Each structure stands twice: as structure tokens, then as C-alpha cells.
Amino acid sequence: MSTFPGSPDASGAGASADAPNLDFAGTTPYEDYVQADVLTHLQHLRSDDPGEMVFLVTTQVMELWFTVIVHEWETASHALRRDDLPVAMDALKRSVRELEALNHSWRPLAQLTPAQFNAYRGALGEGSGFQSAMYRRMEFLLGEKSASMLVPHRGAPRVHAELEKALQEPSLYDETLRLLARRGLPVPAEVLDRDPSLRYEPNAEVERVWAGIYADPDQNAELVRLGEALSDVAELVWRWRNDHLVATRRAMGAKTGTGGSAGVAWLEKRAQKNVFPELWTARSHV
Numbered sequence: 077m078s079t080f081p082g083s084p085d086a087s088g089a090g091a092s093a094d095a096p097n098l099d100f101a102g103t104t105p106y107e108d109y110v111q112a113d114v115l116t117h118l119q120h121l122r123s124d125d126p127g128e129m130v131f132l133v134t135t136q137v138m139e140l141w142f143t144v145i146v147h148e149w150e151t152a153s154h155a156l157r158r159d160d161l162p163v164a165m166d167a168l169k170r171s172v173r174e175l176e177a178l179n180h181s182w183r184p185l186a187q188l189t190p191a192q193f194n195a196y197r198g199a200l201g202e203g204s205g206f207q208s209a210m211y212r213r214m215e216f217l218l219g220e221k222s223a224s225m226l227v228p229h230r231g232a233p234r235v236h237a238e239l240e241k242a243l244q245e246p247s248l249y250d251e252t253l254r255l256l257a258r259r260g261l262p263v264p265a266e267v268l269d270r271d272p273s274l275r276y277e278p279n280a281e282v283e284r285v286w287a288g289i290y291a292d293p294d295q296n297a298e299l300v301r302l303g304e305a306l307s308d309v310a311e312l313v314w315r316w317r318n319d320h321l322v323a324t325r326r327a328m329g330a331k332t333g334t335g336g337s338a339g340v341a342w343l344e345k346r347a348q349k350n351v352f353p354e355l356w357t358a359r360s361h362v
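Position in the sequence shown (first residue = 1) + 76 = this note's numbering.
Put into C-alpha cells, the structure is as follows:
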């Protein structure tokens, strides 16, 4: 784990035997690993407003959290495919803490007044968060598939190829349901054999499977823990969408969003949806 000790005497006078090494031939090992110089010079402001810096850096931080969370959910998906629940659970639990940190990223932006946002909004041009390729990979892993969302990335071949691959692969929830089927639970064939490039739609038989798991927690302890880990993820995704909605409503009201979206109206529609839907509806039948 990195440590950040106080600054020793640069002259070396009185340096103790446990003082850190300050003399390197090139860049520091810390820089070589973290690439801090790259990260801290990625901010190219397009306005003179002092508030643009926090908006840009906060957005970049969000992109880094998206990257970590995609890594965790892909790790969990691959582990579920191998029936390795401990590895999957560890990745899901880590992602919960990472989602909490991601959601806290809204705080620097959450109280922007319309005038403050308008001071640099023009710098965004047609840029909009829905164009984020890494966020789209998060959505695809949650089962929120849409081939049309690849269109904005046609001009970036590597990004487009990564999204196309993510679109065609089973989601985290698909892998969960396949694991339940391998455990002998009656997940319907039309769910197991569905086209994974399509958006997941709720299924009454899957709801009954989850209700049965939760109705007998002693017999299904491991699967209940998996269901609860996925519920934690789903809850924080819902909170992310609502925090986004509130921050946008506060900063720009009902105006058209950047990139031509419907702004608040579009976000309100998104905020009403739950991922892993049967995990929520099944609770009414336990």
C-alpha cells in the first residue's frame, strides 16, 4: 500500500537510516507505476470559468471508477461461469465499495446552480455522459443491452470492438441464472438460451426461482448471499441514476441535455428501472 511520509531534509543533514530513498536516475518508481504525471495533465480546459476544472476532473474520476467496476463485474461473471462463487462474491463485494465511491463523485457537482453550470456548459459542445463507452460496458454487464448504443463509437475502432464484444457476451445476471440452473433450479430454457445481445426482460418463472431460494435460507444460504450481493449492486446502480437525475435537475432544470438527449426526462425514465428485476419482485412472495 502506498504511503506518503513527511518531507525529509532535502540536504540529507541528519538523515536517519530509515529515511526514504530520494535519488533516482529517472522518474520515480511511484510515477512509473501510477502514471500520476499523465493523469494530472489530462485536464484541457475549454473555458475561463474556475468551476470547469472540478467538473472535468470529477468526470474523469467517474470514468476511472467505471473501469474498475467493469473489471470487477467481468471477474465475477467469469467466476460464476466456472462455479467459483468465492471469487465471484469477493469481486461483487469490492464493486459495492467502488460503487459507493463512484456515487460520492456526484457531491462536488450536486449543488451547482444554473448560472454556475452555464458558465462552462458551452465547453461541452455535444459531449454527454451517455456517450461514455466504459459506462456503456457497465450497463451491458447489468443486462441493459442496446445495439444502437454502439453507433456513437463507430469512429473509434478499438472502442467499438470492445463494446461489440461486451454486447454479445452474457451479462452478469445471465451468468447468475445459468449458475442457478446448474444447481438444479428450474430456470426456464427460454431465459438460458436467449440472445445475450438483447436487453434482459423480467420473467415470472425466474421470479419464482428467487422466491424459492429466499423462502428456504438454510438450504440455500450460499445462493441467498449471492442474491443479496447482487441486490447491493442493483441498489447502488439505482442510487447512481437518481443522484445523476437530481444533480442534472438542479443544474439545468428541464432543458434539453447536452448531446441532444431529453435531459431530465430521459434520466427520470432511467431512474425508474431496476436491474436484476426478479430479485426485487420475488420479495413480495416470500
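Backbone N, C-alpha and C fix where the C-beta goes; we use that ideal spot for every residue, glycine too. Every value quoted in this text rests on a predicted model; they were computed, and no experiment measured them.
Helix, strand or coil for residue i? Go by DSSP, reduced to three states.
{"i": "E251", "result": "helix"}
{"i": "F142", "result": "helix"}
{"i": "G329", "result": "coil"}
{"i": "T104", "result": "coil"}
{"i": "Y109", "result": "helix"}
{"i": "N350", "result": "coil"}
{"i": "E202", "result": "coil"}
{"i": "D166", "result": "helix"}
{"i": "Y276", "result": "coil"}
{"i": "L115", "result": "helix"}
{"i": "E245", "result": "coil"}
{"i": "D294", "result": "coil"}
{"i": "H320", "result": "helix"}
{"i": "E174", "result": "helix"}
State buried or exposed for residue i, treating a residue as buried only when at least 16 other CB atoms are found within 10 Å of its CB.
{"i": "Y211", "result": "buried"}
{"i": "M129", "result": "exposed"}
{"i": "T324", "result": "buried"}
{"i": "E148", "result": "buried"}
{"i": "N97", "result": "exposed"}
{"i": "Y109", "result": "exposed"}
{"i": "A358", "result": "buried"}
{"i": "L343", "result": "buried"}
{"i": "S360", "result": "exposed"}
{"i": "A112", "result": "exposed"}
{"i": "V114", "result": "exposed"}
Got a sec? Which residues, its chain only, sit under 6 Å from residue i by beta carbon, not counting five neighbours each side?
{"i": "Q348", "result": "none"}
{"i": "K345", "result": "none"}
{"i": "Q207", "result": "P228"}
{"i": "G329", "result": "none"}
{"i": "G219", "result": "S247, Y249 and Y276"}
Sorted by chain position, which residues of the same chain lie with C-beta nearer than 8 Å to residue i's C-beta, five sequence neighbours on each side aside?
{"i": "H236", "result": "L226, H229 and R230"}
{"i": "R259", "result": "L299"}
{"i": "P264", "result": "N279, E281 and V282"}
{"i": "D319", "result": "N179, W182 and A186"}
{"i": "A341", "result": "A330"}
{"i": "D269", "result": "none"}
Are the beta-carbon atoms belonging to residue i and residue j less than 8 Å from one another?
{"i": "L243", "j": "S273", "result": "yes"}
{"i": "F352", "j": "L321", "result": "no"}
{"i": "A291", "j": "F193", "result": "no"}
{"i": "V146", "j": "L217", "result": "yes"}
{"i": "V285", "j": "L256", "result": "yes"}
{"i": "L118", "j": "W316", "result": "no"}
{"i": "L239", "j": "R213", "result": "yes"}
{"i": "A167", "j": "T189", "result": "no"}
{"i": "A195", "j": "D125", "result": "yes"}
On the premise that residue j lies in contact with residue i, defined as a C-beta separation below 8 Å, what is that separation, rounded to the nearest angstrom?
{"i": "A95", "j": "W141", "result": "Wrong, their Cβ atoms sit about 35 Å apart, outside the cutoff."}
{"i": "R157", "j": "E251", "result": "6 Å"}
{"i": "A155", "j": "V144", "result": "Between V144 and A155 the Cβ distance is about 17 Å, and since that is not below 8 Å, they are no contact."}
Excluding the five sequence neighbours on either side, which residues of its own chain have a C-beta within less than 7 Å of the C-beta of residue i, listed in chain order?
{"i": "L161", "result": "E298 and L302"}
{"i": "V172", "result": "D308, V309 and L312"}
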